[in-house]
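Chemist: Its first residue numbered 1384, the sequence shown is counted upward by one per residue in the numbering used here. For each residue, glycine too, the CB sits at the ideal point set by N, CA and C.
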Amino acid sequence: MLSFTVYLPFAAAQVTQNYQVYKLENKIGTEKVSIAGRTDNTAVDITIRTVDRGQALMLIAALTPNATGTRYTSIGETSRFKQEKIDQLYSASQGFPLSQNGSIKLREMLIDYWIKAARPAFVKSALDGSAIRISEITDITDAYKVSGWKTFLINNGMDEIFWTDAQGKAVFLTTIDSEGDKREVIDERYLSAFIKLNQQSTYHLLQAYTDNSGISAKKNPAIAILGGTIIDITHHGELQNNTMVLIIKGKIDYVGTINRSLIPPGARLIDATNKFLLPGLWDMHAHIFHPSYLQRELRSGVTSIRDMGNEFDFAKQLMDMVRKESTPAPNYYAAGLLDGKSPATLGTMLATNENEIKKNIGAYHDAGFRQIKVYSRVKKKDFNSIVEEAKRYHMDVVGHLPTGYTVSYFINNGMRSISHINYFMNSINWSSSDLKTANQSLLDSMRSHHTFLDPTLNVYQLAGNKKVAYYQKLVKLFADNHIPIVAGTDNEGTIADEIQNYIRCGISPLNAIRSATIIPAEVMGEAQKNGSISQGKDGDILILDENPLLHINTLQHIPTIIRNQFVITN
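1. Please report how far the alpha carbon of T1640 lies from the alpha carbon of A1607, in whole angstroms.
2. Less than 7 Å separating the beta-carbons of I1926 and A1655?
3. Taking Cβ to Cβ, would you say E1772 is nearer than 7 Å to I1744?
4. Any beta-carbon of chain C closer than 7 Å to the one on I1902?
5. Taking the CB atoms as reference points, tell me whether A1419 and Q1397 lie closer together than 7 Å.
6. Quick check: I1411 and T1433, are their CB atoms within less than 7 Å of each other?
7. So, at 6 Å on beta carbons, what are the nonlocal neighbours of Y1573 in its own chain, with the 5 sequence-adjacent residues on each side left out?
8. Tell me whether P1604 is buried or exposed, calling it buried when 16 or more other Cβ atoms sit within 10 Å of its Cβ.
9. Mind checking L1652: buried by the 16 CB within 10 Å criterion, or exposed?
10. Kindly indicate the opening and closing residues of the beta strand (DSSP E) around V1374.
11. Any idea if G1719 is buried or exposed, counting beta-carbon neighbours within 10 angstroms, 16 or more meaning buried?
12. Enumerate in chain order the residues of its own chain whose CB-to-CB distance from W1665 is below 6 Å, with the five nearest sequence positions on each side excluded.
13. Rounded to the nearest angstrom, what separates M1541 and S1831 at their Cα positions?
14. Between G1871, T1786 and M1778, which lies nearest to R1799 when the distance is taken from Cα to Cα?
15. If you compare alpha carbons, which of N1738, L1932 and L1729 is closest to K1756?
16. On the three-pair Cβ rule with 8 Å, is the stretch 1886–1893 touching the stretch 1846–1858?
17. For the stretch 1843–1876, which segments carrying the alpha helix (DSSP H) assignment without a break, of at least 4 residues, lie completely within its bounds, in sequence order?
18. Classify M1384 as buried or exposed, calling it buried when 16 or more other Cβ atoms lie within 10 Å of its own Cβ.
19. Quick one: give me the first and last residue of the alpha helix (DSSP H) that A1698 is part of.
20. Going along the chain, which unbroken runs of the alpha helix (DSSP H) with 4 or more residues stay wholly within the stretch 1718–1801?
21. Starting from H1668, follow the beta strand (DSSP E) in both directions and report where the run begins and ends.
22. Does the pairing of the stretch 1669–1679 with the stretch 1863–1875 give three or more beta-carbon distances under 8 Å?
23. Quick one, which of Q1466, M1441, A1426 and D1435 has its alpha-carbon nearest N1449's?
24. My parser needs the beta strand (DSSP E) runs of 3 or more residues fully inside the stretch 1432–1457; what are they?
25. If we ignore side chains and look at the alpha-carbon of each, how far apart do F1577 and G1787 end up?
26. Assuming L1510 and Q1471 are in contact, meaning their beta carbons sit under 8 Å apart, how far apart are those beta carbons, in whole angstroms?
27. Report all residues from its chain with a CB closer than 8 Å to the CB of F1835; omit the five preceding and five following residues, and keep chain order.
28. Is it true that the stretch 1628–1648 meets the stretch 1928–1943, where meeting means three or more beta-carbon pairs spaced less than 8 Å apart?
29. List the endpoints of the continuous alpha helix (DSSP H) containing Y1676.
30. Quick check: F1505 and I1520, are their CB atoms within less than 7 Å of each other?
31. What is the residue span of the beta strand (DSSP E) that N1624 lies within?
32. For D1923, which option in N1841, L1660, T1839 and L1733 has the closest C-alpha, if you only look at C-alpha atoms?
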């Protein structure tokens, strides 16, 4: 029978192992492991302590063998917004208890269990019976090479990369926490290898996505969509009936009445009779911390993404993968994250002095990032330097409202876009029922500076935020006063919900859809190639069962998505 024994150097002992926990390459805490007992009856205790953006979190887990099996407990916070409470007794024949607490030690024990079971295609979860899929990565031509080290792909609902040393002990883990953010854990003895291990792990994650995304990677040099009704979102939502759209090598070559003589031999033909055609959607507030998020976005109809903060190298490798067009993925635009120095800092790219700002903005520009995102701990003086440096590269400055300030200063001094509608609450004059008149100076300032908003309303709706009604009033106020709204989810795969939230605010279905199509294309400087169904633009098109101007719920399930030369069916 398989067991979870941890072999100790002598019969009775206590071993302590220490690991460092990182979020976006910034250390946020520790995982400490204590192993005590005899080799045939070993208890493992795990304590994970982290501080994520100023919030202290702790989780305690244990594996305790007894006469009838093993008791697994995992109690505490797995992220800022989620907790885990597991207390379960199981036998080894029931599988392995891999939960969502992010423990690197549990991965080490899982791999040991898998190897002793003769490397099956999957290991059953002892918690819910689901399949935990495991494979060893052997293609390590360009890997960070250390004699005897091994690399594994583990999928417990989402791919992660795990490394062991020559003795099978945990070295490095890259995974996603229960908040959906990227997390790394490393044995503190190997901290000098952190960057190389993380970069190589990203390579393996992207390769796994390319090989196993579940979306057909067959390219169609020519695609003809026949008989559909085009919704012209650039004007007043006029309908163009019984049309033909011809896409050649990913670009719209023809839009008009059906003319089969224009269709080249071998073209992919799509019958869109009684269907409605809409340009592919934008998600203007994504965090692609895992390549599977690209698939999640694409299947929701998103064909263009603005990544609003990620690890530098991870985002750069994502850009390279998308650019190669070897597998279906949305257009990828990245905003380079800059934060101030504090216990609540996010990421490692800082902006605390002019030299640092010049270095990091230059690095972002040279790597292909399109914008600079300021985060919550940036100081006012450093914000001014960020704006000036970004101007040199023609990069917009966007992002959070730094802690302790109101929006007016940042709008007047170069902030092109503010994310999250809650940041406006303390800058609004609520004393009058006529919000427009009471806040005219702010509205005028935003218009004159061409400020646009990325409200992320759905995040507050999902969280049950008690201020949602106020946020909706503000979104409607800004929309009514010609402040551009761009749809961003901050929760990949929920763009339809974000659009529906704008309609609940009182925004028309047409303008709500425009917030996820032509308006993002305009503010990103891409309107000549994206945002509507027009000749010469990208062949990014959604084929819908109903007219979304009348039935917005049709965006919740999109039967066919065309992205460049790929046809994706749901």
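Modeler: Taking the structure as given:
1. Counted from its first residue, the sequence shown places residue 1640 at position 257. Counted from its first residue, the sequence shown places residue 1607 at position 224. Rounded to whole angstroms, T1640 to A1607 spans 12 Å at the Cα level.
2. As a working mapping, residue 1926 is identified with position 543 in the sequence shown. As a working mapping, residue 1655 is identified with position 272 in the sequence shown. Closer than 7 Å, so yes.
3. Numbered from 1 along the sequence shown, position 389 holds the residue referred to as residue 1772. Numbered from 1 along the sequence shown, position 361 holds the residue referred to as residue 1744. Yes.
4. In summary, chain C is missing from the structure at hand, where a single protein chain is found.
5. Within the sequence shown, the letter at position 36 stands for residue 1419. Within the sequence shown, the letter at position 14 stands for residue 1397. A contact, by the Cβ cut-off of 7 Å.
6. The residue given as residue 1411 occupies position 28 in the sequence shown. The residue given as residue 1433 occupies position 50 in the sequence shown. Yes, Cβ-Cβ distance for I1411 and T1433 is below 7 Å.
7. By one-based count along the sequence shown, residue 1573 stands at place 190. Correct list, in chain order: V1554.
8. Position 221 of the sequence shown, counted from the first residue, corresponds to residue 1604. Exposed, by the Cβ-count rule.
9. As a working mapping, residue 1652 is identified with position 269 in the sequence shown. So L1652 ends up on the exposed side.
10. In the structure displayed, the chain extends from 1384 to 1953; residue 1374 sits before or after that span and is not available.
11. Position 336 of the sequence shown, counted from the first residue, corresponds to residue 1719. Under this definition G1719 is a buried residue.
12. Counting from 1 along the sequence shown, the entry for residue 1665 is found at position 282. Correct list, in chain order: S1687, A1899 and P1903.
13. Taking the sequence shown and counting its residues from 1, one reaches residue 1541 at position 158. Taking the sequence shown and counting its residues from 1, one reaches residue 1831 at position 448. C-alpha separation (whole angstroms): 45 Å.
14. Numbered from its first residue, the sequence shown carries residue 1799 at position 416. Selected option, being the one with the closest Cα: M1778.
15. Position 373 of the sequence shown, counted from the first residue, corresponds to residue 1756. That would be L1729, whose Cα lies nearest to the Cα of K1756.
16. yes
17. 1851–1863
18. On the sequence shown, residue 1384 is found 1 positions in, with the first residue counted as 1. Reliability fails at M1384, whose pLDDT of 32 lies under 50, so the model's placement of it is uncertain and no value is given.
19. Within the sequence shown, the letter at position 315 stands for residue 1698. A1698 -> alpha helix (DSSP H) spans F1695 to K1707.
20. 1737–1750, 1763–1775 and 1790–1795
21. By 1-based counting over the sequence shown, the position of residue 1668 is 285. Run containing H1668: L1664 to A1669, per the beta strand (DSSP E) assignment.
22. yes
23. Position 66 of the sequence shown, counting from 1, holds the residue named residue 1449. The shortest C-alpha separation from N1449 is found at A1426.
24. 1438–1449
25. Position 194 of the sequence shown holds residue 1577. Position 404 of the sequence shown holds residue 1787. Spanning the two alpha carbons is a distance of roughly 34 Å.
26. Against the sequence shown, residue 1510 aligns to sequence position 127. Against the sequence shown, residue 1471 aligns to sequence position 88. Between Q1471 and L1510 the Cβ distance is about 6 Å, and since that is below 8 Å, they are a contact.
27. For this step, residue 1835 is matched to residue 452 along the sequence shown. Cβ within range, chain order: R1799, S1800, I1866, P1867, I1868, V1869, I1902 and V1906.
28. no
29. Here residue 1676 is taken as the residue at index 293 of the sequence shown, counted from 1. Note, Y1676: alpha helix (DSSP H), S1675 to R1682.
30. Sequence index remark: in the sequence shown, residue 1505 carries index 122 (1-based). Sequence index remark: in the sequence shown, residue 1520 carries index 137 (1-based). For F1505 and I1520, no; Cβs fall outside 7 Å.
31. Position 241 of the sequence shown, counted from the start, is the residue given in the question as residue 1624. Looking at the DSSP string, the run of the beta strand (DSSP E) that includes N1624 is E1621 to I1631.
32. Residue mapping note: residue 1923 aligns to position 540 of the sequence shown, counting from 1. Of N1841, L1660, T1839 and L1733, the residue nearest in Cα terms is L1660.
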